[in-house]
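K.L.:
My structure is below; once you've seen it, I'll send some questions.
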Amino acid sequence: MDNRFNTIAGWALAGGIAALGLSIASGMYFHAERPEHMGYVIEGVEEASEGGAVAVAPIATRLASADLAKGEASFKKCMACHTIASGGANGIGPNLYGTMGEAIAQGKAGFAFSDALKAVGGSWDFDKMDAWLSNPRKFASGTKMTFAGIPDAQERANVIAYLNSQGSNLPLPAPPAAGAAPAEGNATDEHAAGGNLSNEATPAEGMPSKDPAAKAQAEKKGV
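Taking the working numbering, I'd label the letters of the sequence shown as residues 74 to 296.
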């Protein structure tokens, strides 16, 4: 009886070890990674650049296609702490009417802003608001705001456009033109690129364009 029990226990143990080994081997063989290029776009997932960082379109580009209705709908998640009506009272957070263009962490009927946000300085322009809504704690380390941020870049643009429509109405920045020329200082060096150097060549000594005497002699010879 004992021998039979030991045999069954041994086979069970061997089977478990074999199953574990197969599970590890199959996991290593069939390990799945995100493809370099997605077969189709998944809403809310942004493409990664070659360096691995997420490539986000400039806020000016995203504002050009912003949807105010969607921005208003997204803003509802902020209404647990903020009001946005003209003359509205502060809540857990300040009233946000007319915020775009205002000085950061100032005014708002004496709302007690954190020292971290006060230290940022400047005004709420589109770029700063985009950075703030992306990650408040990263924008102002030590802020009292507990909101984690809006990871979706276009949703942030929708919210910013809605905020701007509520008592601010700042002119939207012009989106960068498609295929715009590189900024000055970043242009490709023609020498390195093999461009046309005819306008940059320096005449050699004794050439008519360099030496007046050689030029006069060349004219006599009909050169």
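Using N, Cα and C, we set each Cβ at its ideal position, and we do this for glycine too.
If I measure Cβ to Cβ from A162 and keep anything under 7 Å in the same chain, skipping five residues before and after, which residues do I get?
P.N.:
Walking along the sequence shown from the start, residue 162 turns up at place 89. Cβ neighbours of A162 beyond the five flanking positions: T156 and N168.
K.L.:
Tell me the residue span of the alpha helix (DSSP H) that contains A204.
P.N.:
As a working mapping, residue 204 is identified with position 131 in the sequence shown. Note, A204: alpha helix (DSSP H), F199 to S207.
K.L.:
Nearest to V327 by CA position, among A251, Q227 and L243, is which residue?
P.N.:
Any question about residue 327 goes unanswered here, given that the chain covers just 74 to 296.
K.L.:
Roughly how many angstroms lie between the CA atoms of S214 and A221, to the nearest whole one?
P.N.:
Locating residue 214 in the sequence shown gives position 141, where the first residue counts as 1. Locating residue 221 in the sequence shown gives position 148, where the first residue counts as 1. Computed Cα separation, rounded: 12 Å.
K.L.:
By Cβ distance, which residues of its chain are closer than 6 Å to D188, with the 5 residues on each side in sequence left out?
P.N.:
Locating residue 188 in the sequence shown gives position 115, counting from the first residue. Within the same chain, D188 has no close Cβ partners at all.
K.L.:
Distance, Cα to Cα, F184 vs G166?
P.N.:
Reading the sequence shown from its first residue, position 111 is the one you call residue 184. Reading the sequence shown from its first residue, position 93 is the one you call residue 166. Taking the straight line joining both Cα atoms gives about 8 Å.
K.L.:
In or out: G117 buried (at least 16 other Cβ within 10 Å) or exposed?
P.N.:
Walking along the sequence shown from the start, residue 117 turns up at place 44. A caution first: G117 carries a pLDDT of 41, below 50, which makes its placement in the model unreliable, though a value can still be read off. Its Cβ having fewer than 16 others within 10 Å, G117 is exposed.
K.L.:
Quick test of your reading: S147 and N231, contact by CB under 8 Å. State the CB separation rounded to the nearest angstrom.
P.N.:
Translated into the one-based positions of the sequence shown, residue 147 becomes position 74. Translated into the one-based positions of the sequence shown, residue 231 becomes position 158. That pair is a contact at about 6 Å.
K.L.:
Kindly list the residues whose CB is nearer than 8 Å to the CB of S196, restricted to its own chain and excluding five residues on each side of it in sequence; keep chain order.
P.N.:
Numbered from its first residue, the sequence shown carries residue 196 at position 123. Here the set comprises G174, E175, A176 and I177.
K.L.:
Compute the Euclidean distance between the alpha carbons of N208 and I223, then round it to the nearest angstrom.
P.N.:
The residue you call residue 208 lines up with position 135 of the sequence shown. The residue you call residue 223 lines up with position 150 of the sequence shown. Those two C-alpha atoms are separated by around 7 Å.
K.L.:
Quick one, which of D200, A133 and I97 has its alpha-carbon nearest A251's?
P.N.:
Counting from one through the sequence shown, the residue named residue 251 turns up at place 178. The candidate whose alpha carbon is nearest that of A251 is A133.
K.L.:
Using 10 angstroms around the beta-carbon of Q179, count the other beta-carbons present and answer buried if the total reaches 16, otherwise exposed.
P.N.:
Residue 179 sits at position 106 when you count from the first residue of the sequence shown. The residue in question, Q179, is exposed, as its Cβ has fewer than 16 Cβ neighbours within 10 Å.
K.L.:
Quick check on the DSSP output: the alpha helix (DSSP H) that includes E145 runs from which residue to which?
P.N.:
In the sequence shown, residue 145 corresponds to position 72, counting from 1. E145 -> alpha helix (DSSP H) spans L141 to F148.
K.L.:
What's the gap between the Cα of K201 and the Cα of A142?
P.N.:
Along the sequence shown, read from residue 1 onward, the residue named residue 201 stands at position 128. Along the sequence shown, read from residue 1 onward, the residue named residue 142 stands at position 69. Cα to Cα, the separation comes out at about 22 Å.
K.L.:
Classify T219 as buried or exposed, calling it buried when 16 or more other Cβ atoms lie within 10 Å of its own Cβ.
P.N.:
Taking the sequence shown and counting its residues from 1, the one referred to as residue 219 is at position 146. Around the CB of T219, fewer than 16 other CB atoms lie within 10 Å, so the residue is classed as exposed.
K.L.:
Assuming L190 and T216 make a contact with CB atoms under 8 Å, what is their CB distance in whole Å?
P.N.:
For the purposes of this step, residue 190 is taken as the residue at position 117 of the sequence shown. For the purposes of this step, residue 216 is taken as the residue at position 143 of the sequence shown. Sure, about 5 Å apart at Cβ, within 8 Å.
K.L.:
Should G164 be labelled buried (16 or more other beta-carbon atoms within 10 Å of its own) or exposed?
P.N.:
In the sequence shown, the residue the question calls residue 164 occupies position 91. So G164 counts as exposed.
K.L.:
Please check the pair I233 and F212, which I expect to be a contact at CB under 8 Å, by giving their CB distance rounded to whole angstroms.
P.N.:
Counting from 1 along the sequence shown, the entry for residue 233 is found at position 160. Counting from 1 along the sequence shown, the entry for residue 212 is found at position 139. The pair is not a contact, with the Cβ atoms about 14 Å apart (cut-off 8 Å).
K.L.:
Nearest to D225 by CA position, among L86, A87 and R135, is which residue?
P.N.:
Position 152 of the sequence shown holds residue 225. Of the candidates L86, A87 and R135, the one whose C-alpha sits nearest the C-alpha of D225 is R135.
K.L.:
Tell me whether A92 sits in a helix, a strand or coil according to DSSP, three-state version.
P.N.:
As a first step, residue 92 is located in the sequence shown; it is residue number 19 there, counting from the start. A92: helix per DSSP, three-state reduction.
K.L.:
I need the DSSP call for S187, collapsed to helix, strand or coil.
P.N.:
Position 114 of the sequence shown, counting from 1, holds the residue named residue 187. In the structure shown, S187 sits in coil (DSSP, three-state: anything other than H, G, I, E or B).
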